[in-house]
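Heads up: the sequence shown is residues -27 to -1, 1 to 97, going by mature numbering (1 follows the signal peptide of the UniProt record, and there is no 0).
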Amino acid sequence: MTRSAARLAAPLLLALAAFGVATPAHADTTLTAGFGTGACTDDGLMPGKVNVDEFDCSAWASGGTGSYTYAFSGVVNATFRGYMSPDDGWGICNLGQHTTVEVTVTDSAGDTATAQTSFLCGEL
């Protein structure tokens, strides 16, 4: 290899090496999850039920590695029934009762983060 070819090859090899170890921008930070202010909203009384209210809660995640999956659960006086979107679950609660819900977020590396929020059912 000539000297000029070696001088040209070195920057190219360094550039290719940098692309080979690229990771998501947030890969070196701890995975966190939460509910923002006003994250849960009242969707009104459930048709055909007495004193049962519907709600939905939107969660967020940051840090960790890659993409996220969200799993919602009721902790106190809440049952989740489905999803409005991957980070927004909806459920039911007993009208006028204090309610606590939880989200567990898992990133593509298998790390998890959990958050809870509470509200008065029907008073969101």
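Every residue gets a Cβ at the ideal spot worked out from N, C-alpha and C, and that includes glycine.
I'd like the list of long-range same chain contacts for residue i, defined as Cβ closer than 8 Å, with 5 residues on each side in sequence excluded.
i	result
LEU68	LEU18, ASN24, VAL25, ASP26, CYS94 and GLY95
So, is residue i buried or exposed, given that buried needs 16 or more other C-beta atoms within 10 angstroms?
i	result
ALA32	buried
SER81	exposed
VAL49	exposed
GLY39	exposed
ASP29	buried
ASP60	buried
Beta-carbon within less than 7 Å of residue i's beta-carbon, same chain only, minus the 5 sequence neighbours each way: which residues are those?
i	result
PHE92	CYS13 and THR72
GLY47	PHE53, GLY64 and VAL74
Kindly list the residues whose CB is nearer than 6 Å to the CB of residue i, restricted to its own chain and excluding five residues on each side of it in sequence; keep chain order.
i	result
GLY36	HIS(-2), THR2, THR3, LEU4 and THR5
TYR56	GLY62
TYR41	ALA34, VAL78 and ASP80
THR85	THR77 and THR79
With DSSP collapsed to three states, give me the class of residue i.
i	result
CYS13	strand
ASN50	coil
SER40	coil
ASP60	coil
SER81	coil
THR2	coil
CYS30	strand
GLY55	strand
Based on the DSSP output, what are the partners of residue i in its beta bridges?
i	result
GLU75	SER46 and GLN89
ASN67	VAL25
LEU18	ASP26
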